[in-house]
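Residue numbers (the working numbering): 108 to 368.
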């Protein structure tokens, strides 16, 4: 009989413990998913610059997603052709106001040079530039930019729309938006340094060399119309959009879209 009583006591204890456990409140914690940060490399080059050849090769490896950085697909490259040292560079002369304007903005007077989200990358070195890019990936991500584009292949005209979402508060409300058309595999058979098909070539700045003032709220939308020069290959053209502080030169966010999907 005493064993039966002992068994009943055990069963009662288990039931009471189970009831107490059911009364326990569990608080769930929401952990937001990280937004993938993209970075902008503005590259200043020249068709007569022999030291630029190695830098071009390095950036080509990023475009090929070869592992030059920890996340090549999140590196967006924008190349400006300057007049240093060869003023006859035909890609510089194709759009002097915009090429020279960005060179002057950053104080560029020799090549090769790079600006990572607006900050000088110093003398070219693949290891140094990779280290800087990798470090930039883990800094504060301020904006998420989603792009859409419509393009009329008959008229060579289109409209690009940027939907800008605030991820973290900006250090300053002084911001401009840049929308830039670039072209890959541009034919330059007479280039003195032997780079006959450069990529990421700035063709025109849709919003002008100084960009256009924009107020970045929680969600903002900007649309701009554009046209392509008949000498450009639409299949090789992209639009790069980035938000920048015109005074500090810091780039807060960047995205790119292919004109013909």
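Glycine residues also receive a C-beta, built at the ideal position from the N, C-alpha and C atoms.
Proximity to residue i [Cα-Cα], best of the options
i	options	result
residue 277	304, 262, 302, 323	323
residue 167	271, 157, 180	180
residue 191	175, 211, 174	211
residue 256	262, 291, 269, 351	269
residue 265	296, 333, 297	333
Buried versus exposed, by CB contacts within 10 Å (16 or more), residue i
i	result
residue 114	Any reading at residue 114 is ruled out, since the residue's pLDDT is 40, under 50, leaving its predicted position unreliable.
residue 354	exposed
residue 305	buried
residue 238	exposed
residue 164	exposed
residue 188	buried
residue 184	buried
residue 198	buried
Nonlocal neighbours in the same chain, by C-beta distance under 6 Å from residue i, ignoring five residues either side
i	result
residue 177	241
residue 132	Here residue 132 scores only 34 on pLDDT, less than 50, and its place in the model should not be relied on; the value that follows carries that caveat. So no residue of the chain qualifies.
Residues near residue i in its chain [Cβ-Cβ closer than 7 Å; skip 5 each side]
i	result
residue 319	283, 284
residue 143	181
residue 274	142, 248, 249, 250, 251
Chain-order list of residues whose beta-carbon lies under 8 Å from that of residue i (same chain, five-residue window excluded)
i	result
residue 301	160
residue 367	258, 260, 341, 342, 344
Range of the contiguous alpha helix (DSSP H) that encloses residue i
i	result
residue 200	197-200
residue 243	233-244
residue 205	203-213
Limits of the unbroken beta strand (DSSP E) element including residue i
i	result
residue 310	308-312
residue 159	Where residue 159 is concerned, there is no enclosing beta strand (DSSP E), although the alpha helix (DSSP H) it sits in stretches over 159-170.
residue 222	220-223
Beta carbon proximity, residue i to chain B, threshold 9 Å
i	result
residue 168	The structure shown has no chain B; it contains just one protein chain.
Query raised in the report: Does the stretch 343-352 come close enough to the stretch 276-290 to have 3 or more Cβ pairs within less than 8 Å?
Result: yes
Report task. Say whether the stretch 217-233 touches the stretch 247-257, bearing in mind that this needs 3 or more beta-carbon pairs closer than 8 Å, one atom from each stretch. Result -> no
Report task. Would you check if the stretch 216-227 and the stretch 147-159 touch, i.e. whether three or more CB-CB distances between them fall below 8 Å? Result -> yes
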